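Residue numbers (my numbering): 20 to 238.
Glycine included, C-beta positions come from ideal geometry on N, C-alpha and C.
This one's a predicted model, so the numbers in the text were calculated from it and none came from an experiment.
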DNA sequence: GCGACAG
DNA sequence: ATCTTGTCGC
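Below is the structure:
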């Protein structure tokens, strides 16, 4: 991978923020014009000081699971809003090394561009795996938005300091929306289209939902 | 100073 | 994220 991960335990929050600001300069919200073939969804679960990361790979068109990979490791950092990537990426990257498949896009459970420094976990991860990424969060971290219509498919944009940073998407009728944002190497249209493609009958799009289901059953 | 705050 | 039963609503 292009970037080496600096272990979080010998870093202070200030140093982590410095790294985020540096990486943020390299974010490219460019359009991904191909139709994805294989995509992966990532989710983690924790117990005590151990974390489990699961990567589920699906066929984009068939919406079928074709591979499940995971890794377990000790966690060294507590959850700190804005610094989630430093807590979860080390374990994810361990699982990523086990992956024998090359997905076209990788979805994360959390924010992408919709972050104080535009470096949510999905965006941050892209610099290590060098793949387009998208963030699907169950709640927002920052920003303001108008409530989207109550029907599935309706959406509004999330803004921060007058800049569009994400999409508030209704994936089911009368159910709280999810917060979608491009991670890196995809644009807002891609993030919305690709995520909505996985909005079947549940609030959480199938790609991340499947990962979450495996994360629970594997422990 | 106060409120907000991904997982 | 995690700890957890019943319960309201489509």
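Hey, would you say residue 128 sits closer than 9 Å to residue 150, going by beta carbons? No.
Would you mind giving the Cβ-Cβ distance between residue 93 and residue 68, rounded to the nearest angstrom? I have them listed as a contact below 8 Å. Indeed, because the Cβ distance is near 6 Å, the residues count as touching under 8 Å.
What's the call for residue 41, buried or exposed, on a 16-neighbour Cβ count within 10 Å? Classification for residue 41: exposed.
Residue nearest to residue 186 in terms of C-alpha spacing, selected from 204, 158 and 145: When each option's Cα is compared against that of residue 186, the closest is 158.
What are the boundary residues of the beta strand (DSSP E) that includes residue 92? Counting along the chain, the beta strand (DSSP E) containing residue 92 begins and ends at 83-93.
Which of helix, strand or coil does DSSP assign to residue 134? The three-state reading of DSSP puts residue 134 in coil, since its state is none of H, G, I, E or B.
Is it right to say residue 145 is buried, meaning 16 or more other beta carbons lie within 10 angstroms of its own, or is it exposed? Residue 145 is buried by the Cβ-count criterion.
If we ignore side chains and look at the alpha-carbon of each, how far apart do residue 136 and residue 88 end up? Rounded to whole angstroms, the separation of the alpha carbons of residue 88 and residue 136 is 30 Å.
Based on the DSSP secondary-structure assignment, which residues constitute the bridge partners of residue 105? As DSSP reads the structure, residue 105 sits in no beta bridge.
Can you tell me where the beta strand (DSSP E) holding residue 230 begins and where it ends? For residue 230, there is no enclosing beta strand (DSSP E); the enclosing alpha helix (DSSP H) has its first and last residue at 225-236.
Exposed unless 16 or more other CB atoms sit within 10 angstroms - verdict on residue 53: So residue 53 ends up on the exposed side.
In the DSSP assignment, what residue or residues form a beta bridge with residue 163? Looking at the DSSP assignment, residue 163 forms a beta bridge with 178.
For residue 225, does the count of other Cβ atoms within 10 angstroms reach 16, so buried, or fall short, so exposed? With 16 or more other Cβ atoms within 10 Å, it is buried.
Under a Cβ-count criterion, where at least 16 other Cβ atoms within 10 Å of its own Cβ denotes burial, should residue 229 be classed as buried or exposed? Around the beta carbon of residue 229, a 10 Å sphere encloses 16 or more other beta carbons of the protein chains shown; the residue is thus reported as buried.
CA-CA distance, residue 73 and residue 207? Between residue 73 and residue 207, the C-alpha separation is close to 26 Å.
Below 6 Å CB to CB, which residues in the same chain sit around residue 59 once its five sequence neighbours on both sides are set aside? The answer, listed in chain order, is 74, 76, 122 and 125.
Which residue from 55, 84 and 197 puts its Cα closest to that of residue 232? For the residues 55, 84 and 197, the minimum Cα distance to residue 232 belongs to 84.
Which same chain residues end up closer than 8 Å to residue 110 when comparing Cβ atoms and leaving out the 5 residues on each side of it in sequence? Correct list, in chain order: 63, 70, 71, 72, 90, 91, 92 and 94.
Exposed or buried, what is residue 100 when buried is set at 16 or more other beta-carbons lying within 10 Å of its beta-carbon? Taking all protein chains in view, the Cβ of residue 100 is surrounded by fewer than 16 other Cβ atoms within 10 Å, so the residue is classified as exposed.
DSSP has residue 69 in a bridge; who is on the other side? According to DSSP, which records beta bridges pairwise, residue 69 is partnered with 66 and 93.
Using only alpha-carbon positions, find the residue among 33, 114, 134 and 102 that is nearest to residue 179. Of the listed residues, the one whose Cα sits closest to residue 179 is 134.
Leaving out five residues on either side along the sequence, give the residues of the same chain with a beta carbon under 7 Å from the beta carbon of residue 117. So the qualifying residues of the chain are 88 and 90.
Determine the DSSP secondary structure at residue 118, reduced to helix, strand or coil. Residue 118: coil per DSSP, three-state reduction.
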